[in-house]
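Working notes for the structure below.
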Amino acid sequence: MIKHLLIIAGLGLSAAAVQGQASNFKRVAEQFYAKGDYYSAAHYYEKYLSGKTPTHSGYNAYVVQKQGAVLINHNDLGGLDATLLYKMGDCYYNLNDFIHAEQWYKLLLQKDSTSHPLARYYYGICLRANGNYNIAQQQLSQFVKENTEGEQYNKQAQQEIDNCVFIQQQLSYGPTGVKIERLNNTINKEGANYAASWLNNNTLAFTSTRAEGYNNALYTAAFQGESDFSKVERMNVSAPKNIQQGTPAFTPDGSRMFFTGWVVKNGKKLSAIYTSEQNNGRWSEPALIDGKLTEESFNSRQPQVTPDGRYLIFSSDRTDGIGGFDIWYATLDSKGMPGQITNAGPAINTTGDEEAPFYHGPTQSLVFSSNGRTGMGGFDLYSSTGNFTGSWTVSMNLGYPVNSEKDDMYLISRGKGLLEDAIFSTDRASLCCLELFSIHKNYHQVFTGVVLDCDTKKPLEGAIVSAKDPRGNEVAMIKTQAGGRYTIQTDAGIALTINGTLEEYQGGLLTAYPSKGDTVYAQELCLVKKPDPFKNKTEVTYQIVFELKTEIAKESYPYLDLIATYLKANPAVVLEIDVHTDGLGSVKSNEFLAKGRANACAEYLINAGVSGRQLKPVGFGECCPIEKETTPDGKDIPEAREKNRRVVFKMLNNGTTINNGTPIINGAQNTN
Numbered sequence: 000m001i002k003h004l005l006i007i008a009g010l011g012l013s014a015a016a017v018q019g020q021a022s023n024f025k026r027v028a029e030q031f032y033a034k035g036d037y038y039s040a041a042h043y044y045e046k047y048l049s050g051k052t053p054t055h056s057g058y059n060a061y062v063v064q065k066q067g068a069v070l071i072n073h074n075d076l077g078g079l080d081a082t083l084l085y086k087m088g089d090c091y092y093n094l095n096d097f098i099h100a101e102q103w104y105k106l107l108l109q110k111d112s113t114s115h116p117l118a119r120y121y122y123g124i125c126l127r128a129n130g131n132y133n134i135a136q137q138q139l140s141q142f143v144k145e146n147t148e149g150e151q152y153n154k155q156a157q158q159e160i161d162n163c164v165f166i167q168q169q170l171s172y173g174p175t176g177v178k179i180e181r182l183n184n185t186i187n188k189e190g191a192n193y194a195a196s197w198l199n200n201n202t203l204a205f206t207s208t209r210a211e212g213y214n215n216a217l218y219t220a221a222f223q224g225e226s227d228f229s230k231v232e233r234m235n236v237s238a239p240k241n242i243q244q245g246t247p248a249f250t251p252d253g254s255r256m257f258f259t260g261w262v263v264k265n266g267k268k269l270s271a272i273y274t275s276e277q278n279n280g281r282w283s284e285p286a287l288i289d290g291k292l293t294e295e296s297f298n299s300r301q302p303q304v305t306p307d308g309r310y311l312i313f314s315s316d317r318t319d320g321i322g323g324f325d326i327w328y329a330t331l332d333s334k335g336m337p338g339q340i341t342n343a344g345p346a347i348n349t350t351g352d353e354e355a356p357f358y359h360g361p362t363q364s365l366v367f368s369s370n371g372r373t374g375m376g377g378f379d380l381y382s383s384t385g386n387f388t389g390s391w392t393v394s395m396n397l398g399y400p401v402n403s404e405k406d407d408m409y410l411i412s413r414g415k416g417l418l419e420d421a422i423f424s425t426d427r428a429s430l431c432c433l434e435l436f437s438i439h440k441n442y443h444q445v446f447t448g449v450v451l452d453c454d455t456k457k458p459l460e461g462a463i464v465s466a467k468d469p470r471g472n473e474v475a476m477i478k479t480q481a482g483g484r485y486t487i488q489t490d491a492g493i494a495l496t497i498n499g500t501l502e503e504y505q506g507g508l509l510t511a512y513p514s515k516g517d518t519v520y521a522q523e524l525c526l527v528k529k530p531d532p533f534k535n536k537t538e539v540t541y542q543i544v545f546e547l548k549t550e551i552a553k554e555s556y557p558y559l560d561l562i563a564t565y566l567k568a569n570p571a572v573v574l575e576i577d578v579h580t581d582g583l584g585s586v587k588s589n590e591f592l593a594k595g596r597a598n599a600c601a602e603y604l605i606n607a608g609v610s611g612r613q614l615k616p617v618g619f620g621e622c623c624p625i626e627k628e629t630t631p632d633g634k635d636i637p638e639a640r641e642k643n644r645r646v647v648f649k650m651l652n653n654g655t656t657i658n659n660g661t662p663i664i665n666g667a668q669n670t671n
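The opening residue of the sequence shown carries number 0 in numbering that gives the first Met the number 0; numbering runs sequentially from there.
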């Protein structure tokens, strides 16, 4: 019979283990587990299983990946109770070690699938994080059907199912032009190395646990170019006893630093934001500026300063937020101290957690991490365009390969493009911890699309396509080629407003958003043909509005434009322009006025591109009224005079009327 194997980080089971000693290990493990110290709890649970005597008082999570995995016979673990299996899975899950957590949850579900209902939910998340998307969807769907733990877990499980679909979509795309590289071992030494910020052009500050005891502290590294760093040194920043430090951020001149200080009490991380000033290379005693390290206070953390030095952005779980941790920002005064605090709003924040914000000035992009949206799993990086005095666009997932099935956070960038020269933190290559990676993107993107006739779907060659960026700057103006196709090259990461025009068509408009690839395939831009002003007739009547006797009013331009479009599309047609006035005034003055107006119409059409040979302007004056303008007793009828003031467009062939259609009368009033 094939034996089922379980991977355990640590030493194998000892056949000579003393039962009483093992019980002590379990008791100690339970104490650590109750306090939320999953590092130590996992260590002592494994000592309980292996019977080995512990050599130190605490579990070192960072050496898990170095110890080597020992294969344990599942049959030897058959006597373990389901609660212990669940707690082992829970320890590794909280350590973000999804590989080992998956194995413990799997063993539990094989042994007892009902005693711990949430085990299948966490098992599904582990499967997703480990790249087993189809099985993850199956397990999560089964959890939703069987769930008795509340609607909240159903929603979270459904989001994880959506994540699996999103991941497979992302992975199906072609090359992205994005290069992701782990920074060298000078930076990514054993332990966690994350949350970087540029102190100046040649100095990167970051958070690390490389010191003895694996406490989080602030470090700097010298930038050598091409993602190469050297000379890592601990920053000389004092802190109260037992407070860990991380996420440094600096004002543009490097004179003031903000950072997170935190402690862990009863398994809960309590965090606040501190500030310190630099003087002759030394940092002053930190001052608390937001939050308190007590369980009664809210938490604030992960500060960043905008490139112009005007705002401090950070994450906080204030009670007046939208939910969980939100992104907030505060104005900074002339001394670099924060003032009024504002929530970034629902375009950024969800009922989940939004953390690790960064504002990229060149693209006006607010970048942050969130676990409250459909993504690739864990924390994903998102961006939204806007500014702190206006509104923000809908947040967009930065996609694969920037995001992974693990946690992706703390993006900073100093390139012209958002991903041109960026650094971020991810645990995609580590069993336990965040590490620093670089991002370099070839920052060009190509928008390609086609312009079609809306009715016939026929490609429209020669259409004028113009494009503007989000600030209204014109990016390109080109003509469509064969097949109605166009191609526009821009800097990557921006959306375009694309407008299409063609002589015989009404203008069309669409917005094309950047995608993860270098090529953006814009949706079809279809144009509606301008209406035929004659509508299968050879004569139409319209009340062109005139100002100052013979000057055509702007409100009549659209109709004359339709006439011009028709004539240019039908160059064999000759159009007679007959202008009639009402009966007010003398016969001679009305004839003169009518001829002037007819010539004005002809001049407008010529300026619109119509050949003068196609036009025959005629002024009829008060001749040929449609209706009598006075009553039998001599009273004036304004409505009749309005109808008599008209322009009749007649299509001619070699100077002969083809056919007299039924007149169409519409338009607005003008004066004789």
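Just so it is clear, CB atoms sit at the ideal spot from N, CA and C, and this is done for glycine as well.
Residue nearest to residue i in terms of C-alpha spacing, selected from the options
i	options	result
Y672	K25, I242 and K230	The chain is shown only over 0 to 671; residue 672 falls outside these bounds and no answer can be derived.
F165	K268, E148, P337 and Y399	Y399
K642	E621, V366 and F249	E621
N265	K567, Y541, K587 and F31	F31
T246	L410, D319, G335 and T564	L410
K405	L126, G253 and S555	L126
S730	I493, G507 and L526	Nothing can be reported for residue 730: it is not among the residues displayed for the chain, which extend from 0 to 671.
F228	L182, L106 and M234	L182
L681	G35, L83, A33 and K34	Residue coverage of the chain in this structure runs from 0 to 671, which leaves residue 681 outside it and unanswerable.
C453	L495, L524, K105 and V393	L524
V304	R645, A238, E284 and V366	V366
N386	Q363, S394 and M375	Q363
A676	K548, S369 and I605	Only positions 0 to 671 of the chain appear in this structure, which leaves residue 676 out of reach.
A571	F142, L651 and M476	L651
G499	Y512, G461 and R309	G461
V262	D517, T274, V519 and Q244	Q244
A597	G608, L574 and S585	L574
T147	T206, P469, Q167 and R119	R119
L459	E502, N215 and A221	E502
M395	N348, G360 and S412	N348
Environment of residue i [buried if 16+ CB atoms lie within 10 Å]
i	result
K2	Since pLDDT at K2 reaches only 30, below the 50 mark, its modelled position is unreliable, and no value is offered.
E473	exposed
E225	exposed
A40	buried
E464	Note on residue identity: the sequence assigns Val, not Glu, to residue 464. Buried is the call here.
N133	exposed
E354	buried
V17	At V17, the pLDDT of 43 sits below 50, so the modelled position is not reliable; the number obtained from the coordinates is stated separately. The residue in question, V17, is exposed, as its Cβ has fewer than 16 Cβ neighbours within 10 Å.
R612	exposed
N192	buried
M256	buried
I71	The predicted model places I71 with a pLDDT of 46, which falls under 50 and marks its position as unreliable; any figure quoted below should be read in that light. That one is buried.
K634	exposed
H115	buried
A14	Here the model assigns A14 a pLDDT of 37, short of 50, so the residue's position is not dependable, and the following value carries that caveat. Its Cβ having fewer than 16 others within 10 Å, A14 is exposed.
Residue i - partner residues in DSSP beta bridges
i	result
L126	Per DSSP, none; premise fails for L126.
T330	Y310
R484	V449
G224	D227
G266	Paired residues: none, contrary to the question.
V474	BP columns for V474 are empty, so no partner.
F423	F436
I288	None, per the DSSP bridge assignment.
R645	H579
D275	According to the sequence provided, residue 275 is Ser. The question's Asp does not apply to it. Paired residues: M256.
C431	Its beta-bridge partners do not exist; DSSP assigns none.
T500	I463
Chain C within 8 angstroms of residue i, Cβ atoms only
i	result
Y358	Considering every chain present, this structure includes no chain C. It has just one protein chain.
Heavy atom of the ligand ZN within 7 angstroms of residue i beta-carbon
i	result
V572	Although the ligand ZN was asked about, the structure shown includes no ligands whatsoever.
- Task: Output the residue ranges of the alpha helix (DSSP H) runs that lie fully inside the region 545-632 and measure 4 residues or longer, sorted by chain position.
- Result: Correct list: 556-568 and 586-606.
- Query: Is the region 606-622 in contact with the region 572-589, if contact means three or more CB pairs nearer than 8 angstroms?
  - Reply: Proximity of the region 606-622 to the region 572-589 meets the contact definition, three or more beta-carbon pairs being nearer than 8 angstroms.
- Touch check for the region 419-435 and the region 475-482: three-plus C-beta pairs under 8 angstroms? Verdict: no, contact absent.
- Query: On the three-pair Cβ rule with 8 angstroms, is the region 557-564 touching the region 518-536?
  - Reply: Here the region 557-564 lies against the region 518-536, with 3 or more beta-carbon pairs under 8 angstroms apart.
- Message: Pairs of beta-carbons, one from the region 313-330 and one from the region 343-359, closer than 8 angstroms: are there three or more?
- Response: Three or more beta-carbon pairs separated by less than 8 angstroms link the region 313-330 to the region 343-359, which places the two stretches in contact.
- At 3 residues or longer, and completely inside the region 332-400: list those beta strand (DSSP E) runs for me, N to C. Runs of the beta strand (DSSP E) inside the region 332-400: 337-342, 353-359, 364-369 and 379-384.
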